[in-house]
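Asks: Taken in order, the sequence shown gives residues 5 to 381; the numbers are from my numbering. Just so it is clear, CB atoms sit at the ideal spot from N, CA and C, and this is done for glycine as well.
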Amino acid sequence: MERGGFLELRGVASRYGSTQVLADIDLSISKGEFVALLGSSGCGKTTLLRLLAGFIGPSAGEVKVRHRDVTHLPPDKRGMALVFQSYALWPHMTVAQNIGYGLKLKGVPRTEIATRVAAMQSLLGLDGLEARKPSALSGGQRQRVALGRALAVDPEILLLDEPLSNLDARIRLTVRHELRALQKRLGITAIHVTHDREEAMVMADRIVILNAGKIAQQGTPEEVYNRPASAFVAAFMGVENVIHLDGVRVGGQFVIAEGAANAVAGVPILDRSLTSGPVEARFRPEAARLLAEGEIATVGSGITFRGEVAAVSYPGGHWRHVVRIGQTEIMADGTQAFEPGARVAVHVPAEALFLFNAPANEPASTVSRAPSGKVYA
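1. Could you work out which residue in 155, 318 and 216 is closest to residue 50 when comparing CA atoms only?
2. For the pair the region 58-71 and the region 246-265, tell me if three or more CB-CB distances fall below 8 Å.
3. When the Cα of residue 204 is compared with those of 166, 131, 102 and 239, which residue comes out closest?
4. Rounded to whole angstroms, what is the Cα-Cα separation between residue 238 and residue 335?
5. For the region 307-363, list the beta strand (DSSP E) runs that are entirely contained and at least 3 residues long, ordered along the chain.
6. Reducing DSSP to helix, strand and coil, say where residue 193 ends up.
7. Which of the three DSSP states is assigned to residue 71 in this structure?
8. For residue 296, which option in 344, 137 and 78 has the closest C-alpha, if you only look at C-alpha atoms?
9. Is the beta carbon of residue 99 closer than 8 Å to that of residue 151?
10. What did DSSP end up calling residue 164 once you bin it into helix, strand or coil?
11. Would you report the Cα separation of residue 92 and residue 42, rounded to the nearest angstrom?
12. For the alpha helix (DSSP H) containing residue 126, list its first residue and its last residue.
13. According to DSSP, is residue 20 part of a helix, a strand, or is it coil?
14. Under DSSP, the alpha helix (DSSP H) around residue 89 begins and ends at which residues?
15. Is residue 378 helix, strand or coil by DSSP?
16. Out of 287, 179, 193 and 360, which one is the CA nearest neighbour of residue 242?
17. Could you give the residue range of the alpha helix (DSSP H) that holds residue 238?
18. Going by the beta-carbon positions, is the gap between residue 196 and residue 10 smaller than 8 Å?
19. Can you find the residues in the same chain that come closer than 6 Å, C-beta to C-beta, to residue 290, ignoring five residues on each side of it along the sequence?
20. Here's the rule: buried if 16 or more other CB atoms are within 10 angstroms of the residue's CB, otherwise exposed. What is residue 340?
21. Mapping DSSP to helix, strand and coil, what is residue 35?
22. Would residue 266 and residue 309 be called neighbours here (beta carbons separated by less than 8 Å)?
23. Here's a check: name, in chain order, each residue in its chain whose Cβ is nearer than 8 Å to the Cβ of residue 228, leaving out the five neighbours to either side.
24. Can you name the residues that DSSP bridges to residue 295?
25. Residue range of the beta strand (DSSP E) that residue 282 falls in?
26. Between which residues of its own chain and residue 27 is the CB-CB distance below 6 Å, once the five residues before and five after are set aside?
27. Do three or more CB pairs link the region 71-83 to the region 183-191 at distances below 8 Å?
28. With H, G and I counted as helix, E and B as strand and the rest as coil, what does DSSP make of residue 198?
29. In three-state terms, what does DSSP make of residue 181?
30. Any idea if residue 319 is buried or exposed, counting beta-carbon neighbours within 10 angstroms, 16 or more meaning buried?
Structure (structure tokens):
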């Protein structure tokens with residue numbers, strides 16, 4: 005992968021009337037890199053992709069490819085190709101005609117179109133289907149045709165607008181691995197819009213998480229998963245449990261105050277810019293260790309909460325418990341099932357605990373608080 009600013013966005017913003025959709029987008033993408041734009045509906049990720057494609061213009065900022073300003077160039081002059089969520093295949097055209105459509109628009113000679121279409125069919129496993137119409141194809145086959153049409157024009161950058169969202173779960177798993185393998189084989193730069201966290205994790209070299217039109221964090225899948233930069237990113241990356249605590253920063257540790265459901269505990273701060281006061285303690289269900297209440301003294305470093313099992317289920321491979329800690333309910337996984345009503349201890353190792361300063365309107369306290377602000381009973 006060639007490092008450096010192959011595709012660069014600087015200060016990019018976009019507005020629809022009085023609504024700010026994107027703001028202060030700074031992004032540098034290397035040649036051959038696979039970047040996932042990840043976020044919930046309405047965060048601006050599809051707008052950003054359409055802006056890159058040239059379908060809409062920015063209200064501020066610039067877009068460069070190989071240091072060439074393409075901000076105001078039309079879509080066909082940017083060296084990019086877009087694969088739509090809906091495939092956007094011509095229903096009256098055959099597979100071969102759909103794949104060759106972009107080449108025909110560019111005025112490529114028929115003999116060359118036939119050669120390149122045949123190469124795309126072979127590359128994408130569509131041999132023998134060239135005479136079929138889209139209605140006679142499976143969802144996975146239609147997706148491959150849409151991809152073939154995009155790749156046939158030999159773009160420098162491939163833009164993917166949630167291309168797998170219309171496929172059923174089994175086919176989606178297969179196609180996403182095929183797409184990633186193809187991207188690596190061709191060495192093409194790809195930008196993939198998705199709201200699916202797992203899809204972004206398994207496909208991308210780098211994940212860019214968007215929130216309310218701004219970049220919340222970017223990094224490798226491992227970085228954004230293990231070192232979320234904010235409570236929003238942590239929640240989006242599956243850190244579902246949250247308990248409100250209070251504490252004091254002492255050197256390289258954050259000392260959590262004793263509460264009705266927890267003892268005093270010290271947690272290494274590492275690179276977290278925490279300040280003394282109320283914090284959100286977040287952790288994943290699979291990171292917690294569930295113990296009988298009398299086993300609290302046997303656990304290692306971290307923090308332990310006392311609670312009561314409210315519900316238990318078996319999603320496969322482990323038991324998932326809903327544990328009531330004061331007025332908060334959290335989830336904890338384990339290989340052993342505890343009955344509802346059982347008094348338990350939930351231990352979270354220090355390395356699995358993510359601490360973030362609580363919002364400014366969260367009242368300070370010397371005891372732990374539920375998200376509602378009520379003191380634990």
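Replies: On the basis of the supplied data:
1. 216
2. no
3. 166
4. 15 Å
5. 323-329, 332-338, 347-353 and 358-361
6. strand
7. coil
8. 344
9. no
10. strand
11. 22 Å
12. 114-127
13. strand
14. Element bounds for residue 89: n/a, residue is neither H nor E.
15. Unreliable placement is indicated for residue 378, whose pLDDT of 30 sits below 50; the coordinate value is still reported in the next sentence. The answer is coil: DSSP assigns residue 378 none of H, G, I, E or B.
16. 287
17. 235-240
18. no
19. 337
20. exposed
21. strand
22. yes
23. 211, 213, 221, 222, 237 and 241
24. 349
25. 281-287
26. 17, 217 and 218
27. no
28. strand
29. helix
30. exposed
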